[in-house]
Structures are given as C-alpha cells and as structure tokens.
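The letter at position 8 of the sequence shown is residue 14 when you use my numbering, and the numbering goes up by one with no holes.
One structure is given below, encoded as structure tokens.
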Amino acid sequence: MAIVVEIPHAISRYSDEETQVLLAGSTVGEVLAALWERFPKLKTRVLNREGNLHAYLLLFRNDEKLPRVNINEHPLSAGDRLEIVALAEGG
C-alpha cells in the first residue's frame, strides 16, 4: 500500500533533495525501512544509535503526532501521510 512520506527540507540533502516520496508498507517500521533502503544516509539523521527518533524530531501520521513508544508498530493505511517534523527553537 502506498504511503506518502514527507522529509524536512533541513535534512533533504540526505534524500537527494526529495522532500516527498511514495513508499510501501503497512506499519511505520516497514515504511521507515523502505525509506532507509532508498536513502541510507538519511537513517542516521532521523534515528539515534539506539534506533529511536532523535529528540529534535517528531513523526506525524495524517497530522496526528505519533507517540515515541513502539512507534514502528503503528499501523498505516493506503493513502496515509507520514511526516517527519524537525522541532525548532526560537527567541
């Protein structure tokens, strides 16, 4: 099933400047595995050494923030949009 993955512009240099890709998978983990296969350099920009999302990133499914606990197990449906969001600080 096709899932739209949105990549922040700030790290798009690791995804060949692509900020939106269409990937297959029925869970967040399957889609992320497909993303790493397509763009291996992107993986270390999104995941820490323990394999968890970096603290400065969030993952949204259809504008709904996904909890970090067991994030890879969250189910996805055809047409879902998975968005990697970078947190920003300002002042």
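No residue lacks a Cβ here, since even glycine has one placed at the ideal position from N, Cα and C.
In terms of DSSP beta bridges, what is F66 paired with? Within the sequence shown, numbered from 1, the residue matching residue 66 stands at position 60. BP columns for F66 point to K71, E89.
Helix, strand or coil: which one does DSSP assign to A30? Position 24 of the sequence shown, counted from the first residue, corresponds to residue 30. Strand at A30.
Run through DSSP, which three-state label would L41 get? Within the sequence shown, numbered from 1, the residue matching residue 41 stands at position 35. DSSP, read as helix, strand or coil, puts L41 in helix.
DSSP beta-bridge partners for L77? Along the sequence shown, one-based indexing puts residue 77 at 71. Per the sequence presented here, residue 77 reads as Ile, with Leu not at that position. I77 is not bridged to any residue.
On the DSSP bridge assignment, give the partners of I9 in chain order. Within the sequence shown, residue 9 is the residue found at index 3, counting from 1. The partner list for I9 (beta bridge, DSSP) reads L29.
Identify, in the order they occur along the chain, each residue of the same chain with its Cβ nearer than 8 angstroms to the Cβ of V91, setting aside the five sequence neighbours on each side. Residue 91 sits at position 85 when you count from the first residue of the sequence shown. Contacts found: P14, L63, L64, L65, F66.
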